[in-house]
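Chemist:
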Amino acid sequence: MADWRLAVDIGGTFTDVVLLDAASGRVVVDKTLTTPSAPLDGVRTGVTQLLAKAGVLPGDITAPIVHATTLITNALIEGKTGRAGLVTTTGFGDTLLIRDEHRYDMYDLQIEFPAPPIPRELTFEINERTGADGSVITDPTVADLDVLVEELRRADVEAVAICCLNSYVNGSNELKIAEHLRSALGIPVCISAEISPQIREYPRMVTTACNAATMPVIGPYLDELQKWLAAEGFGGSVLMMLSNGGVVSADEAARGPIRLVESGPAAGALAGSWFAKRLGIDRLLCFDMGGTTAKACLIEHGEPELTNTFEVARAYRFKKGSGFPVSVPSVDLVEIGAGGGSLARVDQFGLLKVGPESSGADPGPASYGQGGTIPAVTDSDVILGLLDPAAFLGGDMPLNRSLAEGAAQTVADGLGLEMLDTAAGIHEVVNQNMAAAASMHGVEMGVDLRGIPLIAFGGAGPVHACGVAELLESDRVIFPVNASVLSAFGTLVSPVRIDLARSMPRLIDKVTDDERDGLLDELRNEGRRVLRGAGVPDDAIVFRYGVDARYSGQGNEITIWVGEGDVWPATAADVTIAFEIEYRRIYGMTIPDVAVEAITWRLSASATTSHVEPDDSIAPHEGEVVPKSTRPMVFSRGVDAVEAPVYDRSMLGAGARFAGPAVVEERETTSVIRPGWDVEVAADGSLIASRTVKELA
């Protein structure tokens with residue numbers, strides 16, 4: 006009996022949908038253009054097309070529908086958030102403007118930061134105060150709360166963030182304010198004591214503000230989605246992918262949308278992790294290039310690294326500190342504006358620049374024929390012959406080469422170059438951008454990426470992977486089956502999970518069992534509540550414990566994990582030893598005779614999903630590998646086009662071998678094999694490309 010699982014991933018340009026029968030392993034996939042102004046329209050189109058293709062009825066899908074999305078990230082980057090208000094303690098209304106007083110570039114006199122997610126005119130102060138020890142010094146009065154209600158009502162806000170001083174220790178005043186506002190205004194309200202109960206005022210406030218600003222974005226969408234699914238007869242609930250690589254219920258996601266900020270990229274990282282384990286590769290670099298952005302994530306020991314803070318909406322993509330430092334656990338990755346829709350231009354110095362601006366789905370690249378006039382990366386790939394305009398999305402969405410050439414000519418005129426060389430330059434520059442971002446990601450993690458295999462996915466990833474690999478000095482690229490929709494597949498292999506944290510600064514050897522266990526009881530209860538909402542029974546929940554610690558007197562912490570269980574599993578000595586091991590790994594030393602201080606206590610509550618395994622074994626290849634056609638392709642500036650073979654991926658059996666230059670076409674993407682690379686088809690259908698020639702004549 007079939008056991009169908011449905012996954013959806015809304016990207017900036019395309020919406021990907023995947024159906025997997027957990028009983029037979031059959032996989033069916035589809036892509037459709039994202040509809041930014043009404044994202045549900047794209048989801049409806051994609052799901053309807055996919056069900057028809059698979060011959061599946063909505064009622065056949067009874068398992069939870071898993072959903073990843075870039076809606077939150079795009080809303081914050083583009084400033085297209087809801088109209089939210091912020092409530093804080095009297096005297097602290099300028100916190101979002103003051104930030105943390107850190108200048109990410111101390112020599113830039115024109116330094117820029119993104120505008121606060123909630124402007125100063127929508128920030129309101131109330132007379133309340135909680136001490137650093139958690140004692141309530143001043144309660145908000147009913148009269149003050151009534152005045153606040155009227156101010157927020159006149160401001161016509163759609164949601165409210167509440168972030169009061171020291172509420173990470175005691176959130177009772179925030180709760181009192183929230184209850185009054187919810188009752189009087191009937192709009193979404195979130196409090197920092199629930200969203201980010203951690204020390205450091207600015208990160209806590211900006212995280213809560215970003216959460217409130219995106220509640221009006223995600224809430225209505227999820228309501229509409231669930232109503233449509235119910236009306237169509239789908240039997241499964243909706244689970245949303247979080248930035249940490251876990252999934253939670255749609256209702257929980259609507260309450261804390263900031264936890265979805267890296268939802269789609271996290272799903273891709275989980276898919277990369279799944280492949281790394283399957284292929285027996287200990288280290289793997291995930292290279293995910295879609296229509297709007299490219300992501301790179303390092304998989305070590307079969308798992309992606311997690312970070313406890315993530316910066317979104319950077320003013321400058323390579324300058325840490327130029328964005329919003331949101332305190333949410335996230336898969337540690339780098340994301341830049343380098344996708345198939347990234348636009349090319351000539352800057353004020355007469356140099357060719359590509360991205361971060363994107364044509365998105367509307368109007369899309371010039372070759373889409375939807376009104377775009379600026380050349381995008383996809384246009385350059387069409388001009389170079391790497392993409393077949395007639396075969397894009399299996400022919401369902403043919404591209405217009407002449408429109409691509411016309412757009413590229415405008416940039417060529419500005420550079421004083423031939424149009425073909427300009428297209429090759431666009432392709433080369435975007436590869437350089439992605440390789441530079443990946444290298445910086447490796448440097449920040451203390452890892453040399455040279456020689457690490459790449460796994461390429463996303464609609465544009467397989468087109469550019471070999472070029473990026475050459476720049477990273479990597480000799481191996483893996484093109485998995487259904488690479489274009491791999492992030493959507495990643496949601497199907499993700500656990501139900503929530504990561505929680507609460508600050509309680511104490512010297513490790515001064516923490517009493519009662520205060521530690523009291524804090525952890527609250528976190529465990531919250532973890533159980535969230536996972537129950539996703540349909541997980543209490544006896545299936547696994548708790549993992551960690552702590553952010555530092556040497557006493559330091560200003561920054563490192564995170565260590567100390568074990569699992571229903572109770573705290575470590576002694577003070579265990580924590581100290583684990584801290585010193587990790588500290589030495591990072592800094593190459595420890596500091597003797599200085600006490601270790603715990604700042605923030607962490608709990609991960611998770612439950613594994615039911616095992617899914619696609620049936621992707623393919624028959625051995627027999628006979629010669631015969632291309633379906635050839636066409637002229639250009640692989641470098643100043644180099645003549647070569648007549649290269651075009652292979653149909655569905656006709657390549659296990660063990661098939663061929664050499665580049667070549668392309669391998671399937672409906673959703675094209676894998677470009679550059680000169681100097683050889684390919685072998687693995688037993689699961691993956692293309693394994695190996696670089697055999699380092700320098701081409």
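Per my numbering, residue 6 is the first one in the sequence shown, and the count goes up by one each step. In this text, a Cβ means the ideal position worked out from N, Cα and C, and glycines have one as well.
#1: Where Val351 and Met439 are concerned, what is the direct C-alpha to C-alpha distance, given to the nearest angstrom?
#2: Do Gly660 and Ile678 count as a contact pair if the criterion is CB distance below 8 Å?
#3: Are the region 491-511 and the region 274-286 touching, with three or more C-beta to C-beta distances below 8 Å?
#4: Could you have a look at Met509 and say whether DSSP puts it in helix, strand or coil?
#5: According to the neighbour-count rule (16 or more other Cβ atoms, all chains shown, within 10 Å of its Cβ), is Asp645 buried or exposed?
#6: What's the C-alpha gap between Val23 and Arg636?
#7: Relative to the alpha-carbon of Gly430, which residue among Val639, Gly593 and Ile582 has its alpha-carbon at the smallest distance?
#8: Secondary structure at Phe548, three-state DSSP: helix, strand or coil?
#9: Can you tell me whether Cys471 is helix, strand or coil according to DSSP?
#10: Count the other CB atoms, across all protein chains shown, that sit within 10 Å of the CB of Lys36; report buried if there are 16 or more and exposed otherwise.
#11: Tell me, which residues are paired with Cys168 by DSSP?
#12: Hey, could you find the ends of the alpha helix (DSSP H) Tyr226 is sitting in?
#13: Measuring alpha carbon to alpha carbon, tell me which residue in Arg31, Thr18 and Phe19 is nearest Ala7.
#14: From Ala702 to Glu475, what distance separates their C-alpha atoms?
#15: What is the DSSP secondary structure of Val644, reduced to helix, strand or coil?
#16: Is it buried or exposed for His306, if we count other Cβ within 10 angstroms and need 16 for buried?
#17: What is the C-beta distance between Ile167 and Ala189, in whole angstroms, given that I count them as a contact (C-beta under 8 Å)?
#18: Going along the chain, which residues of its own chain have a beta-carbon closer than 8 Å to the beta-carbon of Gly355, five neighbours each way excluded?
#19: Should Asn313 be labelled buried (16 or more other beta-carbon atoms within 10 Å of its own) or exposed?
#20: Beta carbon of Leu230, beta carbon of Val48: below 8 Å?
#21: Taking 8 Å as the cut-off, decide whether the C-beta atoms of Val4 and Cys471 are in contact.
#22: On the CB-based measure, 16 or more other CB atoms within 10 Å of its CB, does Arg537 come out buried or exposed?
#23: Using DSSP with H/G/I as helix, E/B as strand and the rest coil, what is Val317?
#24: How would you call His107, buried or exposed, if buried means at least 16 neighbouring beta carbons within 10 angstroms?
#25: Determine the direct distance from the alpha carbon of Arg319 to that of Ile116, and round the result to whole angstroms.
#26: Per DSSP, what kind of secondary structure is Met638 in: helix, strand or coil?
#27: Assuming Ile142 contacts Thr95 under a Cβ cut-off of 8 Å, what Cβ separation, rounded to an integer in Å, is found between them?
#28: For Asp105, which of Asp519, Pro597, Ala688 and Ile204 has the nearest alpha-carbon?
#29: To the nearest angstrom, how far is it from the Cα of Arg507 to the Cα of Pro202?
#30: Whole angstroms are fine: how far does the CA of Gly346 sit from the CA of Lys58?
#31: For the alpha helix (DSSP H) holding Thr613, just list the boundary residues, first then last.
#32: Look at the alpha carbon of Ala5 and the alpha carbon of Asp110, and state the distance between them as a whole number of angstroms.
#33: So what does DSSP say about Gly399, is it helix, strand or coil?
#34: Got a sec, what are the start and stop residues for the beta strand (DSSP E) Pro666 sits in?
#35: Which value, in whole angstroms, describes the spacing of the CA atoms of Thr675 and Gly464?
#36: Roughly how many angstroms separate the alpha carbons of Pro625 and Asp426, rounded to a whole number?
Modeler: Answer, in terms of the structure:
#1: 19 Å
#2: no
#3: yes
#4: strand
#5: exposed
#6: 31 Å
#7: Val639
#8: strand
#9: helix
#10: buried
#11: Thr93
#12: Glu206 to Glu237
#13: Arg31
#14: Bear in mind that a pLDDT of 39 at Ala702, under 50, signals an unreliable position, so the number given afterwards is only what the model happens to contain. Going by the C-alpha atoms only, they are around 15 Å apart.
#15: coil
#16: exposed
#17: No, Ile167 and Ala189 are not in contact; Cβ-Cβ is about 14 Å, not under 8 Å.
#18: Gly419 and Leu420
#19: buried
#20: yes
#21: This structure leaves residue 4 out entirely; the chain is present only between 6 and 702.
#22: exposed
#23: strand
#24: exposed
#25: 12 Å
#26: strand
#27: Ile142 to Thr95, Cβ: 12 Å. No contact.
#28: Ile204
#29: 5 Å
#30: 27 Å
#31: Per DSSP, Thr613 belongs to no alpha helix (DSSP H) and is neither H nor E.
#32: One cannot answer for residue 5 here, as it falls past the ends of the chain, which runs 6 to 702.
#33: helix
#34: Here Pro666 belongs to no beta strand (DSSP E), and DSSP marks it neither H nor E.
#35: 8 Å
#36: 41 Å
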